[in-house]
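Contents: one structure, followed by commentary.
There are 2 protein chains.
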Amino acid sequence: MSAAESAVETIQREMTIFARRARASAGRMHPELSLVSYTLLGHLEERGGCRATDLAAHYALDKSTVSRQVAALERAGLIERRLDPEDHRVQVLHLTEAGQEILAQVTRSRRAAFRERLAGWPEEDLVRFAAYLERYNAGPAGAD
Amino acid sequence: MSAAESAVETIQREMTIFARRARASAGRMHPELSLVSYTLLGHLEERGGCRATDLAAHYALDKSTVSRQVAALERAGLIERRLDPEDHRVQVLHLTEAGQEILAQVTRSRRAAFRERLAGWPEEDLVRFAAYLERYNAGPAGAD
DNA sequence: AGTTCAAGTTGTACTATACAACTACAACCG
DNA sequence: CGGTTGTAGTTGTATAGTACAACTTGAACT
């Protein structure tokens, strides 16, 4: 096996390990915000509000799933819905202040975990690793 | 923000994207084998058989969860249980031939997906990326 | 023998998810 | 206009994966 093939093997294996661990630990680390909820809130913050349908499309989730997640987030007071005056079918979702706070807090704690894990890496390696990951994820969606 | 801090941000973000995508696509890509089942079968192959309790410990799953997964895999004919003659509480799990075949097939198809995604990467980058991932995952478990 | 420990199963509950059927509104077309 | 078709979102139903607790069975060690 060539060095390239064996590197691909390793990348596959390590990415799988990571995915499994992330799934296992996500719920336990931030009981207040599941990985999906966190991602949705993050998207809302980044975009400054969007529609449930956009979330579903972007994250390849069924609209019913998003609908229930959104309902839960609203119940928890983390987002609010504003009827689009242009189109009354549409509800534009926005973070509430509480939502912004929780998102910031979870982001901080996640960032701390990553930072700790990456402590001791030379800056050059961090930058290259980050670039590789971006390049990997920028590829066509669909493969793991 | 320093280059190192911003790289950590990027790593966190991209790893999260990856974990989300993996979860979303795993079920659709290999309906015959969930990510967990695949991982369990892989572990059995690697170890040449082990106990349900070992699986639970290694993957931080509840023993009841493993028990049901194992039951399903046995029902599907992919693994078999052998009573440990030394200790009749213990069932040593082994891949059946069908299990080995399916595992090999899913591994091939996953590998193909990764290979396609990484096509065009210079060998040097593949090797470095693989090394970074190994180093990342080798850190203390628990952080995402 | 009796107690304590370990492996595994089963009952129950919860979360995330998908698919399908439905409602409400919009847009378009004749 | 007014009917048809399309889009946003909700709700009913089903399934998978998971955890926790209670239980069964066998082992080990006094």
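Heads up: the sequence lines are chains L and P, in that order.
Sequential numbering of the first sequence, starting at 969, is according to the working numbering.
Sequential numbering of the second sequence, starting at 969, is according to the working numbering.
We treat Cβ as the ideally placed atom computed from N, Cα and C, and that holds for glycine.
On a predicted model such as this, the values are computed, not experimentally measured, just so you know.
{"Check": "Please classify Gly1016 of chain L as buried or exposed, where buried requires at least 16 neighbouring CB atoms within 10 angstroms.", "Outcome": "exposed"}
{"Check": "Here's a check: name, in chain order, each residue in its chain whose Cβ is nearer than 8 Å to the Cβ of Ala1024 of chain P, leaving out the five neighbours to either side.", "Outcome": "Asp1030, Lys1031, Thr1033 and Val1034"}
{"Check": "Label Gly1067 of chain P either buried or exposed according to how many other C-beta atoms from any shown protein chain fall within 10 Å of its C-beta, with 16 as the threshold for buried.", "Outcome": "buried"}
{"Check": "Is any heavy atom of the ligand NAD found at a distance shorter than 6 Å from the C-beta of Glu1091 of chain L?", "Outcome": "In the structure shown, the ligand NAD is absent, as is every other ligand, since no ligand is present at all."}
{"Check": "At what residues does the alpha helix (DSSP H) containing Leu1041 of chain P begin and finish?", "Outcome": "Lys1031 to Arg1043"}
{"Check": "Leu1003 of chain L touches chain P at which residues, Cβ-Cβ below 9 Å?", "Outcome": "Thr984, Ala987, Arg988, Arg991 and Asp1112"}
{"Check": "Alpha carbon to alpha carbon, how far is Leu1071 of chain P from Asp1022 of chain L? Give it in angstroms, no decimals.", "Outcome": "36 Å"}
{"Check": "Enumerate in chain order the residues of its own chain whose CB-to-CB distance from Glu1048 of chain L is below 6 Å, with the five nearest sequence positions on each side excluded.", "Outcome": "His1062 and Thr1064"}
{"Check": "What's the gap between the Cα of Gly1110 of chain L and the Cα of Pro1053 of chain P?", "Outcome": "Residue placement at Gly1110 of chain L is poorly supported in this model, since its pLDDT is 48, which falls under 50; the coordinates still yield a value, given next. Distance between the alpha carbons of Gly1110 of chain L and Pro1053 of chain P is about 46 Å."}
{"Check": "Chain L partners of Ile979 of chain P, CB-CB under 8 Å?", "Outcome": "Phe1082, Leu1086, Leu1094, Phe1097, Ala1098 and Leu1101"}
{"Check": "Take Ala1039 of chain P as the anchor and find which of P:Gln1059, P:Phe1097 and P:His1026 has the nearest alpha-carbon.", "Outcome": "P:Gln1059"}
{"Check": "Tell me the residue span of the alpha helix (DSSP H) that contains Leu1071 of chain L.", "Outcome": "Glu1065 to Arg1085"}
{"Check": "Since His1011 of chain P contacts Ser1077 of chain P with CB under 8 Å, what's their CB separation in whole angstroms?", "Outcome": "With a Cβ gap of about 19 Å, His1011 of chain P and Ser1077 of chain P do not count as contacting."}
{"Check": "Start and end of the alpha helix (DSSP H) containing Arg1096 of chain L?", "Outcome": "Glu1091 to Ala1106"}
{"Check": "Taking only beta carbons into account, state which residues of the region 1048-1065 of chain P come closer than 9 Å to chain L, listed in chain order.", "Outcome": "none"}
{"Check": "May I ask you to list, following chain order, the residues of the region 1011-1032 of chain P that have a beta carbon less than 9 Å from some beta carbon of chain L?", "Outcome": "Tyr1027, Ala1028 and Leu1029"}
{"Check": "Of the choices L:Ala971, L:Leu1094, L:Thr1007 and L:Gly1045, whose alpha-carbon is the least far from that of Thr984 of chain P?", "Outcome": "L:Thr1007"}
{"Check": "Indicate the three-state DSSP secondary structure (helix, strand or coil) for Glu977 of chain P in the structure shown.", "Outcome": "helix"}
{"Check": "Quick one: does Glu1091 of chain L have its CB under 7 Å from some CB of chain P?", "Outcome": "yes"}
{"Check": "Is the CB of Val976 of chain P under 7 Å away from at least one CB in chain L?", "Outcome": "yes"}
{"Check": "Quick one: give me the first and last residue of the beta strand (DSSP E) that Glu1000 of chain L is part of.", "Outcome": "Careful: Glu1000 of chain L lies outside any beta strand (DSSP E) and carries neither H nor E."}
{"Check": "Alpha carbon to alpha carbon, what distance is there between Ala1106 of chain P and Ala972 of chain P?", "Outcome": "20 Å"}
{"Check": "Within 10 angstroms of the Cβ of Gln1073 of chain P, are there 16 or more other Cβ atoms? Answer buried if so, exposed if not.", "Outcome": "exposed"}
{"Check": "Would you mind giving the Cβ-Cβ distance between Ile979 of chain L and Phe986 of chain P, rounded to the nearest angstrom? I have them listed as a contact below 8 Å.", "Outcome": "Not really, about 11 Å apart at Cβ, beyond 8 Å."}
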